[in-house]
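Trainee: In this text, residue positions in the sequence shown follow our numbering: the first is 17, and each later residue adds one.
No residue lacks a Cβ here, since even glycine has one placed at the ideal position from N, Cα and C.
As the structure is a prediction and not an experimental result, all values here were calculated from the model.
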Amino acid sequence: NRPESLNAINPQLHTELEDIFADVARDDDVNVVVLTGAGMSLALLCDFRIASDRARFSTGYLNIALMPGGALTQLLIPCVGRTKATELLLLADFFDAKEAERIGLVNKTVPHEELESTVWQLAERLANGPTVALGMTKMAINRALGDYVTEIERESYEQTVCNFTEDMREAITAYQEKRPPEFKGR
Numbered sequence: 017n018r019p020e021s022l023n024a025i026n027p028q029l030h031t032e033l034e035d036i037f038a039d040v041a042r043d044d045d046v047n048v049v050v051l052t053g054a055g056m057s058l059a060l061l062c063d064f065r066i067a068s069d070r071a072r073f074s075t076g077y078l079n080i081a082l083m084p085g086g087a088l089t090q091l092l093i094p095c096v097g098r099t100k101a102t103e104l105l106l107l108a109d110f111f112d113a114k115e116a117e118r119i120g121l122v123n124k125t126v127p128h129e130e131l132e133s134t135v136w137q138l139a140e141r142l143a144n145g146p147t148v149a150l151g152m153t154k155m156a157i158n159r160a161l162g163d164y165v166t167e168i169e170r171e172s173y174e175q176t177v178c179n180f181t182e183d184m185r186e187a188i189t190a191y192q193e194k195r196p197p198e199f200k201g202r
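Here is the structure:
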């Protein structure tokens, strides 16, 4: 938990998450996983997204001269549509939970005090359901979305390129100096 960085995924956290997800995938007794916290890309990997009415969202990357990563460009489009995804990715504005629900980014917004109980009710319903049929249905849904592997690899490469631009260095300097960045397109 690193709230000072909004729990941005760093190499260590990425490795830890890969290990956890690999363990879960091998464990036949696990039917439901609950993730909490920030991270739009991780959230979009989930089948259900429930938000507190206090939640705020932003794709954020372009504010620091980075191309979105974590498969965000690939996962956001089927969720909210190309037009809205383009707006969210290119403008990186903040929006609240009600707007996230309206555009289909989250399934439901609940009062903050009810978030945990709402999530656990859904988790229990799924865990106690017909897990074979649920699993097969989930696989069919995922097949309909296609294979994102090539595009995710391309996205990762493009984000790496952005890490070494003058604009990226300017974004970091501007943030540290608490001033708006002056991008030059280099």
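At which residues does the alpha helix (DSSP H) containing K154 begin and terminate?
Mentor: Here residue 154 is taken as the residue at index 138 of the sequence shown, counted from 1. Its alpha helix (DSSP H) spans residues T147 to L161.
Trainee: Measuring straight from C-alpha to C-alpha, what distance separates R70 and L142?
Mentor: Here residue 70 corresponds to residue number 54 of the sequence shown, with the count starting at 1. Here residue 142 corresponds to residue number 126 of the sequence shown, with the count starting at 1. Approximately 26 Å, taken between the alpha carbons.
Trainee: Bridge partners for R72 per DSSP, in chain order?
Mentor: Position 56 of the sequence shown, counting from 1, holds the residue named residue 72. DSSP lists D112 as partners of R72.
Trainee: Check whether the Cβ atoms of D43 and K154 lie closer than 8 Å to each other.
Mentor: Position 27 of the sequence shown holds residue 43. Position 138 of the sequence shown holds residue 154. No; because the gap between Cβ atoms is not below 8 Å, this pair is not in contact.
Trainee: Any idea if G145 is buried or exposed, counting beta-carbon neighbours within 10 angstroms, 16 or more meaning buried?
Mentor: As a position in the sequence shown, residue 145 is number 129, starting the count at 1. It counts as exposed.
Trainee: For Y77, count neighbouring C-beta atoms within 10 Å of its own C-beta (all shown protein chains included) and say buried if the count is 16 or more, exposed if not.
Mentor: Numbered from its first residue, the sequence shown carries residue 77 at position 61. By the neighbour-count rule (16 or more Cβ atoms within 10 Å), Y77 is buried.
Trainee: Roughly how many angstroms separate the alpha carbons of V40 and E193, rounded to a whole number?
Mentor: For the purposes of this step, residue 40 is taken as residue 24 along the sequence shown, with counting starting at 1. For the purposes of this step, residue 193 is taken as residue 177 along the sequence shown, with counting starting at 1. Spanning the two alpha carbons is a distance of roughly 43 Å.
Trainee: The alpha helix (DSSP H) that contains K100, what's its start and end?
Mentor: Stepping through the sequence shown from its first residue, residue 100 is reached at position 84. Segment R98 to L107, the alpha helix (DSSP H) holding K100.
Trainee: Along the alpha helix (DSSP H) that carries V46, what are the first and last residues, could you check?
Mentor: On the sequence shown, position 30 is the one that residue 46 refers to. No alpha helix (DSSP H) holds V46; DSSP gives it neither H nor E.
Trainee: Report whether the distance from the Cβ of E193 to the nearest heavy atom of the ligand MG is below 7 Å.
Mentor: As presented, the structure is devoid of all ligands, the ligand MG included, so that no description of it is given.
Trainee: So, do the region 184–202 and the region 77–89 have three or more beta carbon pairs nearer to each other than 8 Å?
Mentor: The region 184–202 vs the region 77–89: in contact.
Trainee: On the CB-based measure, 16 or more other CB atoms within 10 Å of its CB, does Q137 come out buried or exposed?
Mentor: Residue 137 sits at position 121 when you count from the first residue of the sequence shown. That one is exposed.
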